[in-house]
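A quick write-up on the structure given underneath.
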Amino acid sequence: MKNIELKIEGSKLIIEVDLEKEYGPSSSGKSITIASTEGNIAVPGREEVKMGINIYKPRPKSS
Numbered sequence: 001m002k003n004i005e006l007k008i009e010g011s012k013l014i015i016e017v018d019l020e021k022e023y024g025p026s027s028s029g030k031s032i033t034i035a036s037t038e039g040n041i042a043v044p045g046r047e048e049v050k051m052g053i054n055i056y057k058p059r060p061k062s063s
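Quick note on numbering: the sequence shown equals residues 1 to 63 in full-length UniProt numbering.
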């Protein structure tokens, strides 16, 4: 995972992402990756529950 912290509090999954971080262009090059699970993963402690997250912003246009 990139820039994603997961924790379970009771029956809730808490997801934390630092929105100031960047990990460069997405594979398509159309956006900048901020955070990713890099595919589907199991929720910690709940292996039957899966999740996949991609957080991104548009790539600045070239002048």
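Glycine included, C-beta positions come from ideal geometry on N, C-alpha and C.
In the displayed model, MET51 falls within a strand according to three-state DSSP. Rounded to the nearest whole angstrom, the C-alpha separation of ILE32 and SER11 is 32 Å. Annotation: the continuous beta strand (DSSP E) that includes LEU6 extends over 4-9. Secondary-structure assignment with DSSP links ILE32 through a beta bridge to PRO25 and LYS57.
Of the residues assessed, ILE15 falls on the exposed side of the cut-off, its CB having fewer than 16 other CB atoms within 10 angstroms.
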